[in-house]
Amino acid sequence: MHRILHRAILIYCYTDIEPYVTIFHWDTPQALEEEYKGFLSPRIVKDYTDFAKVCFEHFGDEVKNWFTFNEPHMFCTFAYGMGEHAPGRCSPELQCAIPCGDSLREPYLVGHHILLAHAEVASLYKDNYKCYEPYNEKTFLDKQAKERSIEFNLGWFMEPVFHGDYPFSMRALVGHRLPHFKDDEKEKLKHSYDMMGINYYTSMTGTGWIRSYPKGLKELLMIMKDRYGNPPMYITENGTADYDDGNLSMKDALNDCIRLDYLQRHISVLKESIDSGADVRGHFTWSLLDNFEWALGYTSRFGLIYVDRNDGFKRYMKRSARWFKEFNSARGKMTDEDNADTVHEPSLLISNN
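Residue numbering for the sequence shown follows the numbering used here, starting at 44 and increasing by one per position.
This is how it looks when you write it as structure tokens:
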């Protein structure tokens, strides 16, 4: 497998695509899950660090940009609180795949081990592999609720990395369920980063996924700037699916006006954020291709490129992809060219035949 990955990375480098690699995206090895229940055990810290070391040694010559964990908050919540993602653990009353967990305690324990693993890998990388280069509202209750939401989502993992401990509101409200950091762990966690990857789709509401809310992206970036010292940031996931697009005809799916509007508005807000001082270095659209979206499976299409699963996985550029191509060719200059009602005829991009 490592030869396949290495070949892919070399192809990216050869075509001037700089690779950014995430070490863990919710794929705990089954062997570790069976041996000691994966991230529920502190043993995962050493095994994850060993795995990261292998990645650095095999791919480090070409890959200079690493993210330790993707969406740790989502992994803890969906895999150990709600039981919707592997390993599917939750409290018995929630009736998930493995209803023998503890939804009130296990997400925090898993998050604690993720933070410790991140700190170990960051220390390993900086000490042995890093190539150093110069860097240059409304009511009071509403505001309190918003602040709690920020601290229980963003702050859960940002506060320990920046300040060495969990946010005050978490310690005050769920402190009896939170593991505690030792003094040496706190010191190792502090500033254990070179850059931050931020995934942004929408605001958090009670209605579900996905409502376009570009303003929230700027609010998030300003929080990172003002509260967390404005670290170098990359928007590592940003995108949307059309409504019910798993059932759309290919013609309708290719004319993805919702995604086009979403991207244009979010990229515009991203520019505003940069102009306001946010140190954003890059933006990754989710996603290049229609893919298997975790619990949603193939029912939601997030790709700029349409994948025809009924005809040999042939691929076609959606309307949003055509605009995005022109946008990047124009080096970020916004155009209204593809805002018209013109619908492009499908043109085959890639065929596996």
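Ideal placement from N, C-alpha and C gives every residue a C-beta, glycine not left out.
Computed from a predicted model, the values in this text were never measured in an experiment.
- Phe99 places its beta carbon less than 8 Å from that of Tyr168.
- Between Val350 and Asp322, the gap from beta carbon to beta carbon reaches 8 Å or more.
- Collapsing the DSSP output to three states places Trp109 in a strand.
- Within the DSSP secondary-structure output, Asp351 pairs in a beta bridge with Lys357.
- For Asn242, the enclosing beta strand (DSSP E) covers residues Met239 to Asn242.
- With a contact defined as Cβ atoms closer than 8 Å, Pro203 and Leu158 qualify at about 5 Å.
- The distance from the Cβ of Ala160 to that of Val88 is about 5 Å, consistent with a contact at the 8 Å cut-off.
- Taken in chain order, the unbroken stretches of alpha helix (DSSP H) that lie wholly in the segment 248 to 307 and span 4 residues or more are 257 to 270 and 293 to 297.
- Taking C-beta separations shorter than 7 Å and ignoring five residues to either side along the sequence, the partners of Phe82 in its chain run Thr71, Val153, His156 and Ile157, following chain order.
- Shown here for Pro135: same chain residues with a beta carbon closer than 6 Å to its own, the five before and five after excluded, namely Pro142 in chain order.
- Rounded to the nearest whole angstrom, the CA to CA distance from Arg324 to Thr245 is 21 Å.
- A residue is called buried once 16 or more other Cβ atoms fall within 10 Å of its Cβ, and Arg344 is buried on that count.
- Only residues of its own chain outside the window of five on either side were considered, and among them Glu280, Asn281, Gly282 and Phe345 have a CB closer than 7 Å to the CB of Trp329, listed in chain order.
- Shown here, Leu313 sits in a helix according to DSSP, grouped into three states.
- Comparing alpha carbon positions, the residue from Met213, Lys225, Arg270 and Arg358 closest to Ala296 is Arg358.
- In the three-state DSSP reduction, His116 falls in the helix class (H, G or I).
- Counting C-beta atoms within 10 angstroms of its own C-beta, Ser316 has 16 or more neighbours from the protein chains shown and is therefore classed as buried.
- The way I'd put it, the segment 51 to 63 does touch the segment 101 to 108; three or more beta-carbon pairs between them come closer than 8 Å.
- If you check the CB distance, Ile348 and Ile266 do not come in under 8 Å.
- In the three-state reduction of the DSSP assignment, Ile60 falls in the coil class, being assigned neither a helical nor a strand state.
- Lys233 and Ala162 have their alpha carbons spaced roughly 8 Å apart.
- Distance from Trp69 to His128 at the Cβ level is roughly 6 Å; contact confirmed, criterion being Cβ atoms closer than 8 Å.
- In the DSSP annotation of this structure, His161 is not part of any beta strand (DSSP E); the continuous alpha helix (DSSP H) holding it starts and ends at Glu149 to Asn171.
- Non-local beta-carbon contacts of Lys96 in its own chain, meaning distances under 7 Å to residues more than five positions away in sequence, involve Leu167 in chain order.
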